[in-house]
Structure formats: structure tokens, C-alpha cells
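A.B. asks: This structure is in C-alpha cells; I'll ask about it shortly.
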Amino acid sequence: GTMKKTQENRAPSPVGVGALSVMTALLAVTLSVFAVLTLASARADFSLSERAAQAVSAFYAADAQAQQLLSEFEQGGESTLEAEVPVDENRTLCIAAQRGPDGRAQVTQWTVRTAQTQQQDSLPVYQGE
Numbered sequence: 024g025t026m027k028k029t030q031e032n033r034a035p036s037p038v039g040v041g042a043l044s045v046m047t048a049l050l051a052v053t054l055s056v057f058a059v060l061t062l063a064s065a066r067a068d069f070s071l072s073e074r075a076a077q078a079v080s081a082f083y084a085a086d087a088q089a090q091q092l093l094s095e096f097e098q099g100g101e102s103t104l105e106a107e108v109p110v111d112e113n114r115t116l117c118i119a120a121q122r123g124p125d126g127r128a129q130v131t132q133w134t135v136r137t138a139q140t141q142q143q144d145s146l147p148v149y150q151g152e
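Be aware that the sequence shown starts at 24, since it is given in my numbering, and climbs by one per residue.
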């Protein structure tokens, strides 16, 4: 008797237990996919940040070396300075300076040249033969 009354008083579920389980499983899969995508994005960002930090460190090391060359030029008696300081395998810091009429060094060039710039200077051009 009492067991039957308890089952009769309970309202029927509007959504079946099977549909609820499927929705829960889909939610879990969706959250897992987003978690994997977030992890992959974070790893890519970290890798990019590390490469950027290495590039900046390499540039400042080359810049310091070029500053040292300029300082030595200012102390010496040469009339011109032209130097190329390697930054990394793809970039070179090109510097040039001249001694002015007052004897002080005047920087005329302080630029970074990339490997692409060097290749563009010597592109093979079709001559029509």
C-alpha cells in the first residue's frame, strides 16, 4: 500500500532521464574541447613570448656591442666607422659614423638589416634570354 501511493504522488519528469544524461555528456565533451583548445592556445602564446624575448635580448646584446664600437671610434682618430654586428642568424645591425669638423662622432646609420633585405639586393632577374 504505502509504496504504491509514493509512486503515484510523484510527478512525471518532463524530460526523460536518458535525454538528461545525453545533455550532460555533451556538456562534458564540449567543456573538454574548450579546455584542450585553451591549453593549446596558452602553449602557443608562451612559445611566441619566449621567441620574442630571445629576439629582444639578441638585439640589445648587438646594440651594446655596437655602442662599444662607437665609443672606441670616438676615442680613436679614424675619420669614418662602418661596422656590421650580427644580431642573430637573420638580422644584422649596420652602423656607420663620421667624424665631424669639431672632431665629434656623428652617427649616419644605425639600422637592422634582415636576411630578406640582403636577398632582395641580389634577386635573379629574368634577362629575356
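Virtual Cβ for every residue (Gly too), placed ideally from N, Cα, C.
Assuming GLU153 is part of the alpha helix (DSSP H), what are its boundary residues?
C.D. replies: Since the displayed the chain opens at 24 and closes at 152, residue 153 lies outside it and no answer follows.
A.B. asks: Could you please give the first and the last residue of the uninterrupted beta strand (DSSP E) stretch that includes ARG114?
C.D. replies: 114 to 122
A.B. asks: Could you have a look at GLN150 and say whether DSSP puts it in helix, strand or coil?
C.D. replies: coil
A.B. asks: Please identify the residue among LEU104, GLY41, LEU116 whose C-alpha is closest to the C-alpha of ALA138.
C.D. replies: LEU116
A.B. asks: Using the rule of at least 16 other Cβ atoms within 10 Å of the residue's Cβ for burial, across every protein chain shown, is PHE96 buried or exposed?
C.D. replies: buried
A.B. asks: On a Cα-Cα basis, can you pick out the residue from THR131, PRO124, ALA58, ASP111 that is closest to VAL79?
C.D. replies: ASP111
A.B. asks: Along the chain, where does the beta strand (DSSP E) containing ARG136 start, and where does it finish?
C.D. replies: 128 to 137
A.B. asks: Can you give me the start and stop residues for the beta strand (DSSP E) that VAL108 sits inside?
C.D. replies: Per DSSP, the unbroken beta strand (DSSP E) holding VAL108 starts and ends at 103 to 109.
A.B. asks: Rounded to the nearest angstrom, what separates ALA87 and PHE57 at their Cα positions?
C.D. replies: 45 Å
A.B. asks: Taking the CB atoms as reference points, tell me whether GLU105 and ALA119 lie closer together than 8 Å.
C.D. replies: yes
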